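> Residue numbers (our numbering), protein chains in the order written: chain A, 452 to 565; chain B, -14 to 102.
Glycine included, C-beta positions come from ideal geometry on N, C-alpha and C.
Just so it is clear, the structure is predicted and the values come from calculations on it, not from any experiment.
Attaching a single structure in structure tokens format; questions to follow.
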Amino acid sequence: AQSVTQPDIHITVSEGASLELRCNYSYGATPYLFWYVQSPGQGLQLLLKYFSGDTLVQGIKGFEAEFKRSQSSFNLRKPSVHWSDAAEYFCAVGGNQAGTALIFGKGTTLSVSS
Amino acid sequence: GAVVSQHPSRVICKSGTSVKIECRSLDFQATTMFWYRQFPKQSLMLMATSNEGSKATYEQGVEKDKFLINHASLTLSTLTVTSAHPEDSSFYICSARMAGGLYNEQFFGPGTRLTVL
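Encoded structure:
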């Protein structure tokens, strides 16, 4: 079955500390992977995506993610968290077939403490 | 580029009425659009896949007679919630896949908050 698992429902990080959000996927074909961020009441904002090539992907707002095929993982990282990073983060997987929707994880809520 | 809009952004309606939500790709043609639903503090769940000029494909458990989807052009898909009830209150998000686009990349709209009283 195709699925995305985000093991951490809620994470609290001190401002300035590093962050890693975990994402594991199960997908039968070549996976295309995404991380989105959502602030309360808002839509989704794409942080970064992986289609092919370099397995370390740089995104917006200082985020990066590393695709590890052997571990079926696509963890999101940031070296120094800012208070404005507090939001909901979703990992998603899709395929290259036309008409293939994205499958989303349940999300991780990030809180930033001062 | 690759902007998707939704209208309205927020709607409040009485129980029993119908509500139409529009999803538009502003600067590209979209062969496929997707409709997702998000309950508070939950993830996005795919409701249906809409292909231009053909009938939508609904996910299991989604009532096609209640959630009418029309994709009449390459830039517009509409979701009509018929005879809405309070349990239909949710955040509805559409996404559009660019015609001829690489890697099945989808672009998301800002969402529509539906509240049924």
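(1) Determine, using beta carbons only, whether B/G46 comes closer than 8 Å to chain A.
(2) Just to confirm, is the Cβ distance from B/G94 to B/Q(-9) under 8 Å?
(3) B/I6 by DSSP, collapsed to three states: which one?
(4) Can you find a CB in chain B that lies within less than 8 Å of the CB of A/G504?
(5) If we cut at 8 Å on Cβ distances, does A/F514 have a partner in chain B?
(6) So B/S35 and B/T17 are supposed to be a Cβ contact under 8 Å. How far apart are they, rounded?
(7) Strictly by DSSP, which residues pair up with B/S62?
(8) Name the chain B residues that come within less than 7 Å of A/F555, Cβ to Cβ?
(9) Along chain B, which residues have their Cβ under 7 Å away from the Cβ of A/A552?
(10) Can you name the start and end residues of the beta strand (DSSP E) that B/T100 belongs to?
(11) So, under 8 Å CB-CB, B/I6 and B/T67 are touching, yes? Tell me the CB distance rounded to an integer number of Å.
(12) With a threshold of 8 Å between beta carbons, is B/F13 in contact with chain A?
(13) Using a Cβ-Cβ distance cut-off of 8 Å, determine whether A/L495 contacts chain B.
(14) So what does DSSP say about B/Q68, is it helix, strand or coil?
(15) Kindly indicate if chain B contains any beta-carbon less than 8 Å away from that of A/G558.
(16) With which residues is B/I78 paired in a DSSP beta bridge?
(17) For the region 473 to 485 of chain A and the region 544 to 558 of chain A, state whether three or more C-beta atom pairs, one from each stretch, are separated by less than 8 Å.
(18) If B/S3 and B/T65 are in contact, beta carbons under 8 Å, what's the gap, nearest whole angstrom?
(19) Report yes if the C-beta distance between B/L29 and B/E44 is below 8 Å; otherwise report no.
(20) Are the Cβ atoms of A/V464 and A/V563 separated by less than 8 Å?
(21) Let's test the definition: count the other Cβ atoms within 10 Å of the Cβ of B/R9 and tell me whether it reaches 16, buried, or not, exposed.
(22) Of all the residues that make up the region 79 to 98 of chain B, which are near chain A by a beta-carbon distance shorter than 9 Å?
(23) Any contact of the region 465 to 477 of chain A with the region 511 to 531 of chain A, i.e. 3+ C-beta pairs under 8 Å?
Inspection of the coordinates gives the following:
(1) The beta carbon of B/G46 does not come within 8 Å of any beta carbon belonging to chain A, so the residue lies off that interface.
(2) Contact flag set, yes.
(3) The answer is strand: DSSP assigns B/I6 an E or B state.
(4) The C-beta of A/G504 comes no closer than 8 Å to any C-beta of chain B.
(5) False, the Cβ-Cβ gap to chain B never drops below 8 Å.
(6) That pair is a contact at about 7 Å.
(7) Residue pairing by DSSP places B/S62 opposite B/C8 in a beta bridge.
(8) Residues of chain B with a Cβ closer than 7 Å to the Cβ of A/F555 are, in chain order, S28 and L29.
(9) Contact annotation for A/A552 against chain B: F19, L31 and T34 [CB-CB distance below 7 Å, chain order].
(10) Segment T97 to V101, the beta strand (DSSP E) holding B/T100.
(11) That pair is no contact at about 12 Å.
(12) Output row for B/F13: interface = no.
(13) Interface residue, yes.
(14) Here residue 68 of chain B is Ser; the residue named in the question, Gln, does not match the sequence. Residue state, collapsed to three classes: coil.
(15) Closer than 8 Å to some Cβ of chain B, the Cβ of A/G558 qualifies, so yes.
(16) B/Y21, per the DSSP bridge assignment.
(17) When C-beta atoms of the region 473 to 485 of chain A are compared with those of the region 544 to 558 of chain A, three or more pairs fall below 8 Å, so the two segments count as touching.
(18) About 6 Å separates the two Cβ atoms, so the contact holds.
(19) Going by C-beta atoms, B/L29 is not nearer than 8 Å to B/E44.
(20) Going by C-beta atoms, A/V464 is nearer than 8 Å to A/V563.
(21) By the Cβ-count criterion, B/R9 is buried, with 16 or more other Cβ atoms from all chains shown falling within 10 Å of its own Cβ.
(22) The residues in question are S80, R82, L87, Y88, N89, E90, Q91, F92, F93, G94, P95, G96 and R98.
(23) Touching, per the Cβ criterion.
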